[in-house]
Ligand code: FES
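In the working numbering, the protein residues as written are 37 to 610.
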């Protein structure tokens, strides 16, 4: 077996000749591990977010087995460990409230244990950024392995997409175009295999970000969860992480500013989720790369969307994979990307993608004839969003991207739920719907409610989109002319707290403007009467979170978690 060039971190646990080493080895041996596994092999932690409460990651025990096999193939010693899992569909009030808590678990679990390298098993939306953030703060050699998307949903001869059709079916139920038995049949047809959402929602976007950042092997973004090639990828990742330990190829050598710039451009080209904005800002903060909202606007402004996937288009991740997947997209935007950015397999991003072949030009369109002209994330500013707000042009209605209208304000999500479908609600299709107190501190946890459904009475008249503004996020599977992540949020005293129904609001995406047409003196008067909302909790995680969470433009990490502490632990285990 080839020996590593330098002393392994794990040798501090297993490679010594004292009482503590006896303890470290002896208790591991109760799992049937022979003594030769402690002979200086790289110890690989397999960080597993398996949970039956996270359906998207419920196949991870099997996937971990393939990673283990790969680690053993390469002469490493695998140790699988669980971390907090974040299931998007079941957790209340929102998984985003717990992303940073999971990241803390990941960081401390990695640092406290005898790992030389780590494989991150992640799939459902928040599991990917949480694991990347936690691992980045330790900065060991690390590979991301995504769980893969579900197979295409199939309902009555039509392809249906997770999330995207949830919104469609819900609206159809509201207007009477769908019955409840239809809906129950549809839900069985939507999630018909293991894997995460198969639209270009947040999970697929983040799996693509892992590949574009260079943190995953080629194919990571798109191989379906049940395709045998997903298992192969897991096994190859297990083999490769052992080599990475020997090469001392740490996260910080891969996650450079150029890598983040590549990821932002790829996000534009795939029409990726707005959630990637906060997650990439947070990961960059952990690894010490200066990334801002302006980078998102600058790099996405001219990037067209090439990928015809729901929610913006008509295909799904399975189709994307058969068309050639992310390497085709990266090859298509080769003039823009930093080709020399290093990836986990030791090759550059360009070397991984230069021979990619596009097998379906309808699913992945050529750059010269893009699916949508604007793919990136638009960052809006103005007196309503001094620290920025975001909008996804590829999911918006073109004629609404320049719009001035009367605000109809909802104080919080309960107020919205109470009044939105009230036939007496004073609202027209030209109004702008404003929802506040749904940001990180306000909800709390920054939920995906920014794409809230239109008033039932307008839906019944055939209205399909309106400008909506909030300090919330939206699901990556959603669509509409939706202004999100308004910062500072209302609960932190942002100007969104001062808007009143009847005020005129202007959105001009081309000018990147979000303006409240109310004189400064009047806003100052309103501010003098504004009171911060009552605290959500007087103890526990929610109290810590609300006291320390940063705003959307900073990535919504806790302020004391930004940065990293490396992997050193000064003291023995006692
Ligand atoms: Fe897990 Fe969509 S619910 S990825």
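Built from N, CA and C at the ideal position, the CB exists for glycine as well.
For residue i, count neighbouring C-beta atoms within 10 Å of its own C-beta (all shown protein chains included) and say buried if the count is 16 or more, exposed if not.
i           : result
residue 286 : buried
residue 69  : exposed
residue 586 : buried
residue 199 : buried
residue 86  : buried
residue 434 : exposed
residue 410 : buried
residue 116 : buried
residue 126 : exposed
residue 224 : exposed
residue 509 : buried
residue 342 : buried
residue 608 : exposed
residue 203 : buried
residue 63  : exposed
residue 540 : exposed
With DSSP collapsed to three states, give me the class of residue i.
i           : result
residue 605 : coil
residue 572 : coil
residue 95  : coil
residue 175 : coil
residue 182 : strand
residue 189 : strand
residue 164 : helix
residue 56  : helix
residue 43  : coil
residue 113 : strand
residue 597 : helix
residue 131 : helix
residue 253 : coil
residue 158 : strand
residue 69  : coil
residue 403 : coil
residue 9   : Because the chain is modelled from 37 through 610, residue 9 falls outside the range shown and cannot be assessed.
residue 384 : strand
residue 258 : coil
residue 392 : coil
residue 372 : coil
residue 19  : One cannot answer for residue 19 here, as it falls past the ends of the chain, which runs 37 to 610.
residue 397 : coil
residue 208 : helix
residue 169 : helix
I'd like the list of long-range same chain contacts for residue i, defined as Cβ closer than 6 Å, with 5 residues on each side in sequence excluded.
i           : result
residue 130 : 481 and 483
residue 166 : 135, 138 and 139
residue 467 : 441, 442 and 444
residue 521 : 425, 426 and 588
residue 525 : 475, 478 and 507
residue 60  : 49 and 50
residue 304 : 336, 339, 411 and 412
residue 432 : 517
residue 277 : 80, 153, 155 and 179
residue 455 : 461
residue 184 : 231, 259, 260, 261 and 266
residue 10  : Residue 10 cannot be examined here, being either before or after the span of the chain that is shown, 37 to 610.
Tell me residue i's beta-bridge partners as DSSP assigns them.
i           : result
residue 425 : 416
residue 64  : Paired residue(s): none; residue 64 is not in a bridge.
residue 118 : 84
residue 153 : 80
residue 223 : According to DSSP, residue 223 bridges with nothing at all.
residue 105 : Note: residue 105 sits in no beta bridge, so no partner.
residue 194 : 191
residue 408 : 341
residue 519 : 505
residue 126 : Residue 126 pairs with nothing; no bridge assigned.
residue 232 : 185
residue 378 : 384
What does a CB cutoff of less than 8 Å around residue i pick up in its chain, not counting 5 residues either side in sequence?
i           : result
residue 611 : Limits of the chain in this structure are 37 at one end and 610 at the other, which puts residue 611 out of reach.
residue 350 : 195 and 344
Using a Cβ-Cβ cutoff of less than 7 Å, which residues in the same chain neighbour residue i once the five nearest sequence positions on both sides are dropped?
i           : result
residue 452 : 446, 471 and 488
residue 421 : 522, 523 and 550
residue 108 : 114
With a cut-off of 8 Å, does the C-beta of residue i fall near any C-beta of chain B?
i           : result
residue 516 : No chain B appears in the structure shown, which is made up of a single protein chain.
Q. What runs of the alpha helix (DSSP H), each 4 residues or longer, lie entirely inside the segment 283-363?
A. 287-290, 293-306, 311-323, 329-336 and 353-359
Q) What are the uninterrupted segments assigned as beta strand (DSSP E) that are 3 or more residues long and contained completely in the segment 437-512, given in chain order? A) 438-446, 468-471 and 504-506
(Q) In chain order, what are the residue ranges of uninterrupted alpha helix (DSSP H) at least 4 long that sit wholly in the segment 533-595? (A) 556-565 and 576-584
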